[in-house]
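Report on the following structure.
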Amino acid sequence: MNQVMQGNLSIDFNKKNNPKPNVPSIPSGVPTTPRVVSTNPRGVSTNPRGVPPRRPAPRGPQRERLTSEAFLRHTKPQENTTLIDDPKKLIKKGEKPVRIGSLLGLEQVGQCLFIEYDKDLIIIDAGMEFAAESELGADYIIPDISYIKKNKAKLRGIVLTHGHLDHIGALRDILPDLDYPMIYTTPLTLGILKKTFDDPKEAAKIKYKIIDPDVDLLKIGCFSLEFVRVNHNIPETLSISIQTPKGVIFNSSDFKIDHTPAIDKPADLAKLARIGTEGVKLYIGDSLGADRPGWSISEKVIGKHLDDIIKNTKTRMIIATFASNVGRIIQIINSAIRYNKVIFLSGRSMINNVEICQQLGYITVPAGFIRKLSSEIDTLPDDRVLILSTGAQGEEFAALTRMAKGEHNVLQLRKDDTILMSASTIPGNESAVGHMINDLVVRDVNLITNDEIDVHASGHGYMEDHKLFLSLLRPNFFLPFYMPAAERYAHKKIALDMGMPNEKILMPNLNGNIIEMYDDVVLVSNERLKLDKILVDGKGKGHLSGEYVIKARGIMAESGVVSLIFKIDTKTRELIGNIQIESRGFVYSSEVKTIHTQIVEFARAKYNENIKRRMDIKDNLRVIKEDLGEFITKIIGRVPMIMPMYVYINRDPQAAIDLAPEEAIVGMTLDEQGYDD
């Protein structure tokens, strides 16, 4: 027996004697796994927009139940379907597709998706990705919006699914370039978005419309949007059903199925089922957690564990969690108030998010029970102090990291302080978190992590959550999204196990790949947008387009840097005086003099050799740079960053102008410095 689902959802694809309606048999001679199944044969009438008519869901006893057989009928070929080996044959002559593209987030954290048809374009989320340790000096990564800027006249708005930075964190960087288009979102997400702006005047430029997911249907250009409440670890998280001229796209956003959420309402499964019954052509699904068995843990379970710990802790207590995990923060604050503890907030984002939640009514506390971390903690008994802090990822300058090192300007840890880590470790941060935990252990604190008791739950669904979404939506095509390949392929396997044909699961490999949706088929096109990795170096201090700067920093960090200055006679092109050399992080001090001498002699000989061949100055230095790389490798076994530079000595100003008019400045001795990268 092929039993592919667990828990309360079980689909037996081999069971023969089922009292419910039988699955229609496959016509003889028809392969069971065609390359493409057309579910909209040509000739079906459409409305003036070209959209197949949406049939209202049947009511009463005739309405089809959401059974496993119903899902199986949907995913297997029917007698009236057309089997086509080449998907492109299903495209009508001259037919325009709906185009879907990911500018960030297909294979990593940080979602930014666009949907485009004819003269209309919308963006779903605009998040940031945190820079890896290898991306030296960069703070975070934002989407490359060059394609959107070229099509700015088409942009009808940006729809935000929730308030996490990996979905809204790039907006402060990109909104000015897009002339502040309309933002569609919920109150909490809008409040968090405004707090990401350093300048309130810039935040005031945001144009927005507030969404009520239980009521609102939005018309944006040629797109009609309907919103579905789902659960996550921040309230007001939305999935989106987007009616396009070529069918319905359903974007899950981040989600889990939580029947007992701590703060928000449960996911609107009835609306999901209704949308699935009406028909979903393409499902874009969050793949995080698809490789983890079972159901995602309810946030209320975590809240109960935290409540017990807070109740029974008689020492000072520090809880480190993500400032973005608003649901968790609200539960912690409510428990602290219940047991007469004063909450001290540490970390700018923590303070901002709590302030927003208070303004919106998510947090209601007596006056004086929430304060910024200060020396006031010393005026209270230890059992009344609870500190909510950022820094669970071991960030270098975060409050908890400084506490662990004894470098915090307000709080010095004491023996028997209780520190609770209510967060998972983000991949790539294991080393930093490990160092911080070691520092905490040395201080003999009482450390509680998720290894001892469940004090953290993922905001994303596990296998069973994903199966429920697929079974309710019953999509015609499926795009696993928003995670590295391993989890997207785990998500794909879930759909395959549930009976979805492999050919209907789209697996583009890179951001910039374009998905095209036609009346009769959805496919990954051959087109791919050329996207740069846009790194932000310092908060709001400028963008680094591409990876050249990071690569250069890596070379300098690993092998050092050597700079040489050539002083050149503008008339004769001869070298004047010695070549000046400086190096940093290159060789040990005992070797500097010898190796510097060798490099200078080699560079002088190469320069004179190239001048005799009448080589242009810049070409000369470029060749010297390449040859020096090989020469230095033979000496020390590695190549530093080599920076040859030149200055002209203007003995004859007119000669300088004749030689290099764009570089000479008459009357100056050293008129211009040239750099060769």
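All residue numbers for the sequence shown refer to the numbering used here, where the first residue is 117 and numbers rise by one. Virtual Cβ for every residue (Gly too), placed ideally from N, Cα, C.
Cα-Cα separation, residue i to residue j
i, j, result
"G693", "E523", "51 Å"
"E245", "H572", "22 Å"
"N592", "Y578", "22 Å"
"I391", "T277", "18 Å"
"S641", "I264", "19 Å"
"E195", "S218", "Summary for E195: the model assigns pLDDT 39, below 50, so the residue's position carries little reliability; its value from the coordinates is reported in the next sentence. E195 and S218: Cα-Cα distance of roughly 35 Å."
"Y762", "H712", "18 Å"
"S369", "I459", "32 Å"
"T688", "R730", "11 Å"
"S490", "R518", "15 Å"
"D581", "A668", "44 Å"
"F438", "I418", "15 Å"
"V652", "A247", "9 Å"
"E746", "I684", "24 Å"
"Y233", "P617", "27 Å"
"Y472", "T506", "Looking at the sequence provided, one finds Ile at residue 472 rather than Tyr. In a straight line, the C-alpha of I472 is about 17 Å away from that of T506."
"F513", "E211", "55 Å"
Per-residue DSSP class, three states only, for residue i
i, result
"R487", "strand"
"T191", "At T191 the pLDDT is 44, less than 50, meaning the model places this residue with poor confidence; the figure from the coordinates comes in the next sentence. Here T191 sits in helix by DSSP."
"R500", "helix"
"F230", "strand"
"Y300", "strand"
"F371", "coil"
"F513", "coil"
"R720", "helix"
"E342", "strand"
"A436", "strand"
"E568", "coil"
"G273", "strand"
"G217", "strand"
"F747", "helix"
"R454", "helix"
"S403", "coil"
"Q359", "strand"
"Y263", "helix"
Distance CB(residue i)-CB(residue j) smaller than 8 Å
i, j, result
"L79", "I400", "The requested residue 79 is not part of the displayed model; the chain covers only 117 to 793."
"A508", "M466", "no"
"K457", "I426", "yes"
"N441", "I350", "yes"
"P213", "E632", "yes"
"I503", "I479", "no"
"S357", "V346", "no"
"L271", "L237", "yes"
"L647", "D260", "yes"
"I765", "T686", "yes"
"V207", "I231", "Note on residue identity: the sequence assigns Ile, not Val, to residue 207. For I207 and I231, no; Cβs fall outside 8 Å."
"I740", "K728", "no"
"R700", "G676", "yes"
"T301", "I327", "yes"
"D407", "A602", "yes"
"T534", "T429", "yes"
"I650", "I258", "yes"
"G279", "I308", "yes"
6 Å CB neighbourhood of residue i in its chain, flanking five on each side removed
i, result
"G285", "G243 and M244"
"F187", "Interpretation of F187 is limited by its pLDDT of 43, a score under 50 that renders its predicted location unreliable; no figure is taken from the coordinates."
"D498", "T431 and R432"
"D560", "K531"
"G363", "K397"
Own chain, CB closer than 8 Å to residue i, minus 5 neighbours either side, in chain order
i, result
"K521", "D555"
"I379", "P351, E415, V442, G443, I446, Q447 and Y478"
"I751", "I711 and Q714"
Residue-level contact to chain C via CB, residue i, 8 Å cutoff
i, result
"A668", "Included in the structure is just one protein chain, with no chain C present."
Proximal residues to residue i (C-beta, below 7 Å), its chain only, five neighbours per side dropped
i, result
"D332", "F343"
"H283", "Q227, D241, G243, L276 and T277"
"T749", "V755"
"N468", "K311"
"V549", "Q509, G510 and T541"
Residue i CB to nearest heavy atom of the ligand PLP below 7 Å
i, result
"K741", "Of ligands this structure carries none, so the ligand PLP is not represented either."
Notebook entry, point to check: Do the segment 392–406 and the segment 550–563 make contact, defined as three or more Cβ pairs closer than 8 Å?
Noted result: The segment 392–406, when compared against the segment 550–563, does not touch it at the 8 Å Cβ threshold.
Checklist line | contact_flag[the segment 306–317, the segment 381–388] where n(CB pairs < 8 Å) is 3 or more | finding: At 8 Å Cβ cutoff, the stretches do not touch.
Checklist line | Three or more C-beta pairs below 8 Å linking the segment 670–684 and the segment 714–730 | finding: Counting Cβ pairs under 8 Å, three or more are found: they touch.
Margin query: With three or more beta-carbon pairs closer than 8 Å as the criterion, would you say the segment 316–324 touches the segment 339–355?
Written below: Taking one beta carbon from each stretch, the segment 316–324 and the segment 339–355 have fewer than 3 pairs nearer than 8 Å; the two do not touch.
Check: Is the segment 213–223 touching the segment 598–607, taking contact as three or more C-beta pairs under 8 Å?
Finding: When Cβ pairs closer than 8 Å are counted between the two stretches, the segment 213–223 is seen to touch the segment 598–607, the count reaching three or more.
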